[in-house]
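A.B. asks: Quick one: structure below, then a few questions.
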Amino acid sequence: MIPTLLACCLIITGCEFFVAGVGTGAAVYTYKCGELKKSYQASLDKTIIACTAALKSLKITITDKTPVGITATIKGKCSDKTPVKIKIAMITDRITEVSVRSGIVGVWSKKRSELIHASIAQRL
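Shown next as structure tokens:
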């Protein structure tokens, strides 16, 4: 059943779709169309601070930071000019979803997105 659903997602979206997670407390994330998404047990404000610190620690220059209500977007550029975009959404007052996209259409860097998520997780 699950393989069939994943195959349908691929056909419908036309993009790579991946879900990972094992056991209690495991890191569960999805990767679809260049966006690596993960939920964190942290407030929106704390998550924005952690994302900003993560980008700075990875030497990614922040080019735009836009908080709007219960969401925020942080854009940046790596030293090789690769764009990075982080979207943060408040799910509850203590849970946020963070989506990281690095690269351009068709040339996304899942590894870089994973590295950014790892850096965010260290701060939360």
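Quick note on numbering: the sequence shown equals residues 344 to 467 in the working numbering.
Even glycine gets a Cβ: it sits at the ideal position worked out from N, Cα and C.
1. Between which two residues does the beta strand (DSSP E) harbouring Asp-388 extend?
2. Leaving aside the five residues before and after Thr-406 along the sequence, list all residues of the same chain whose C-beta is less than 7 Å from its C-beta, in chain order.
3. So what's Arg-437 in DSSP terms, helix, strand or just coil?
4. Rounded to the nearest angstrom, what separates Cys-376 and Ile-403 at their Cα positions?
5. Any idea if Ile-463 is buried or exposed, counting beta-carbon neighbours within 10 angstroms, 16 or more meaning buried?
C.D. replies: Reading from the atomic positions:
1. Premise fails: Asp-388 lies in the alpha helix (DSSP H), 387-400, not in any beta strand (DSSP E).
2. Lys-418, Gly-419 and Lys-420
3. coil
4. 22 Å
5. buried
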